[in-house]
Amino acid sequence: MASPVRSKSMATVRVKRFNPDSDAKPYMQEFQVPNLQGTTLLDALHRIKHEQDGSLTFRRSCRHAICGSCAMNVNGRNILVCKTPLQGQLDRKGVVTIKPLPYLPIIKDLVVDRSTFWNEYLRVKPWLVPPATSPEREFRMSPEEVAALHNAETCIMCGACYSACQVVALNKKYIGPHALLKSFLRVLDPRDTIPGERLAEVGTDEGVFRCHTIFNCIDACPKNLNPTQAIETLRRLAQKRTAFEAARVERQRTIAGPLAAEPTPGAEGGVRHVP
Amino acid sequence: MYRSTGFVSFVLRRLTGIALVLYLIAHIWVIGSVNGGTELFNSRLAAVQTPIFKLAEVALLAAVVYHAFDGVRLLIVHYFDVTEYRKSLFYAAFVVSAILTIAGGLPILLFAFQG
């Protein structure tokens, strides 16, 4: 296919296309869109879909970097296209290359099959398992306990870390950074009652000990989270699971007791705070 | 392929690890021949004294040094929670390895090619 004429007023968007019904293998296709300030990559994809090729397929929903639908590989980096300006991604020739998330099967164009991503997520029981008896008032976490979570609760499950991980590419049994980050969140949550079970699940050669510390998950995360650090923390805790479980039982007692609503100063009676 | 400094270090770690295993096999092949008598040992030792093997020794030195310092880099990450310095640590391991390879490799090559 001949390349269209390029000009500074127009940006060239190279998109990886693949239709399993008609294409033997993926190919790159170029589109021209206006190079306007304030245009995001998602805007550019919408313009292409609405004005040039309605068959272009991609996921998007909220347009506010919170739903995690629009993670794609742009110029070799996994990012959310809804929050990324077009002009910031153009090279000197005014070209940006958009591909689907790597290492995942392509369903069509920029849409990938995330089945393994979600299966591994469910494997770590991502939900909170609270004590059987509720405290008289609210569960209270100390500021140190909240800080130890390192904002892990803000993960939007976009899959950018998962598909940037070479270990995932090499071993589909690997739990993956997204699920391990969620497990980290639950294990360090003082309200959770099954940290030992969680550590047993992730403390294996399919879990935290499979990570090769490549750091791609950190580089890819659009929310600036740190799955590698979470994995390192889980590694340490998995090696002293029994002591950690005992500390959690004691912490649960202080949560569910009559002093539940009192502030918990420092780390007294609580879990070890991992920096 | 998702390219990054982490990926480069991952590939180098594996390649140098494989190189070390191959060296170990060759090492045992030579040293183990001492059980076969002096002649066999001397012949095998002579086989690995050629200039090409001297170059390979420098490559081996590079592999050993890089693999070691990459391991140190990972230990630092494991024990000191310094993931924000991940790229600096990689470059530091690479530069230190390069310096030590040059420092150790030059004498090897000088002795080898000056007779």
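Residue numbers (this note's numbering), protein chains in the order written: chain X, 31 to 305; chain P, 71 to 185.
Even for Gly, the Cβ is constructed at its ideal location relative to N, Cα and C.
Check whether chain P comes within 9 Å of residue i, counting only Cβ atoms and requiring the distance to be less than that.
i: X/Gly106; result: yes
i: X/Ser193; result: yes
i: X/Phe48; result: no
i: X/His76; result: no
i: X/Asn201; result: no
i: X/Ala290; result: At X/Ala290, the pLDDT of 44 sits below 50, so the modelled position is not reliable and the matter cannot be decided from this model.
i: X/Asp249; result: yes
i: X/Phe169; result: no
i: X/Phe239; result: no
i: X/Asn103; result: yes
i: X/Gln82; result: no
i: X/Ile244; result: yes
i: X/Glu150; result: no
i: X/Tyr133; result: yes
i: X/Arg278; result: no
i: X/Gln282; result: no
i: X/Glu262; result: yes
i: X/Gln196; result: yes
i: X/Arg265; result: yes
On a CA-only basis, which of the options is nearest residue i? Give me that one, please.
i: P/Tyr72; options: X/Cys97, X/Thr272, X/Leu86, X/Val104; result: X/Val104
i: X/Ile186; options: X/Lys253, X/Glu280, X/Leu86, X/Gly118; result: X/Lys253
i: X/Asn149; options: X/Gly206, X/Leu158, X/Asn108, X/Leu120; result: X/Gly206
i: P/Ser170; options: P/Tyr161, P/Val118, P/Val135; result: The sequence given here has Leu at residue 170 of chain P, not Ser. The shortest C-alpha separation from P/Leu170 is found at P/Val135.
i: X/Val154; options: X/Lys212, X/Asp83, X/Thr69; result: X/Lys212
i: X/Thr258; options: X/Ser145, X/Arg283, X/Thr284, X/Cys191; result: X/Cys191
i: X/Ala209; options: X/Asp222, X/Leu152, X/Val159, X/Pro225; result: X/Leu152
i: X/Val279; options: X/Asp51, X/Asn246, X/Pro225; result: X/Pro225
i: P/Leu115; options: P/His137, P/Gln184, P/Ala96, P/Ala138; result: P/Ala96
i: X/Arg77; options: X/Gln282, X/Ala54, X/Ala41, X/Arg167; result: X/Ala41
i: X/Ser85; options: X/Asp51, X/Val238, X/Glu183, X/Leu71; result: X/Asp51
i: X/Pro132; options: X/Val159, X/Cys247, X/Leu179, X/Glu60; result: X/Cys247
i: P/Thr153; options: X/Phe147, X/Ala273, X/Thr243, X/Ala277; result: X/Thr243
i: X/Leu179; options: X/Leu134, X/Thr163, X/Ala260; result: X/Ala260
i: X/Arg228; options: X/Trp157, X/Arg283, X/Arg167, X/Glu166; result: X/Trp157
i: X/Ala182; options: X/Thr284, X/Asp53, X/Arg107, X/Leu255; result: X/Leu255
Residues of chain B with a CB under 7 Å from the CB of residue i: which are they?
i: X/Thr258; result: The structure shown contains no chain B; the protein chains it does contain are X and P.
Between which residues of its own chain and residue i is the CB-CB distance below 8 Å, once the five residues before and five after are set aside?
i: X/Met58; result: Arg44, Val45, Lys46, Arg47, Thr127
i: X/Ser39; result: Pro64, Asn65
i: P/Leu82; result: Tyr136, Asp140
Kindly say whether residue i, judged by its beta-carbon, lies nearer than 9 Å to any beta-carbon of chain X.
i: P/His137; result: no
i: P/Leu85; result: no
i: P/Phe77; result: yes
i: P/Phe181; result: no
i: P/Tyr72; result: yes
i: P/Arg114; result: no
i: P/Leu144; result: yes
i: P/Phe164; result: no
i: P/Val147; result: yes
i: P/Phe80; result: yes
Please list, in chain order, all residues of the same chain as residue i whose beta carbon is under 7 Å from its beta carbon, the five residues on each side excluded.
i: X/Tyr204; result: Val197, Val198, Glu236, Arg240
i: X/Ile136; result: Phe48, Pro56, Pro130, Val142
i: X/Ala95; result: Leu110, Cys112, Lys113, Pro252
i: P/Tyr93; result: Leu130
i: P/Thr75; result: Lys157, Phe160
i: X/Val125; result: Thr42, Arg44
i: P/Ala133; result: Thr86, Ala89, Leu90
i: X/Val159; result: Asp222, Thr223, Ile224
i: P/Val100; result: Arg114, Leu115, Val118
Spatial neighbours of residue i within its chain, please: CB distance less than 6 Å, with the 5 preceding and 5 following residues excluded, ordered by chain position.
i: P/Val128; result: Gly175, Ile178
i: X/Gln117; result: none
i: X/Leu75; result: Phe88
i: P/Ala173; result: none
At least 3 beta-carbon pairs within less than 8 Å: the stretch 258 to 276 of chain X vs the stretch 215 to 228 of chain X: They touch, by the three-pair rule.
Complete beta strand (DSSP E) runs within the stretch 97 to 148 of chain X (minimum length 3 residues, chain order): List check, beta strand (DSSP E) in window: 101 to 104, 107 to 110, 125 to 129, 136 to 138.
Cβ contact check for the stretch 231 to 244 of chain X and the stretch 268 to 276 of chain X: 3 or more pairs under 8 Å: Cβ pair count under 8 Å is three or more, so yes.
The stretch 100 to 114 of chain X in contact with the stretch 73 to 91 of chain X per 3-pair CB rule at 8 Å: When C-beta atoms of the stretch 100 to 114 of chain X are compared with those of the stretch 73 to 91 of chain X, three or more pairs fall below 8 Å, so the two segments count as touching.
Residue ranges of each beta strand (DSSP E) within the stretch 169 to 216 of chain X, 3 or longer: Those beta strand (DSSP E) runs which fall completely within the stretch 169 to 216 of chain X and span 3+ residues do not exist here.
Contact between the stretch 147 to 160 of chain P and the stretch 99 to 119 of chain P (3+ Cβ pairs under 8 Å): No, the stretch 147 to 160 of chain P is not in contact with the stretch 99 to 119 of chain P.
Ordered list of alpha helix (DSSP H) runs contained in the stretch 87 to 152 of chain P, each at least 4 residues: Contiguous alpha helix (DSSP H) elements confined to the stretch 87 to 152 of chain P occur at 108 to 117, 121 to 150, taking only those with 4 or more residues.
Three or more C-beta pairs below 8 Å linking the stretch 105 to 121 of chain X and the stretch 170 to 177 of chain X: Taking 8 Å as the limit for Cβ pairs, the verdict is that the stretch 170 to 177 of chain X does not touch the stretch 105 to 121 of chain X.
Inside the stretch 230 to 258 of chain X only - alpha helix (DSSP H) runs reaching at least 4 residues: Within the stretch 230 to 258 of chain X, the complete alpha helix (DSSP H) runs of at least 4 residues are 246 to 250.
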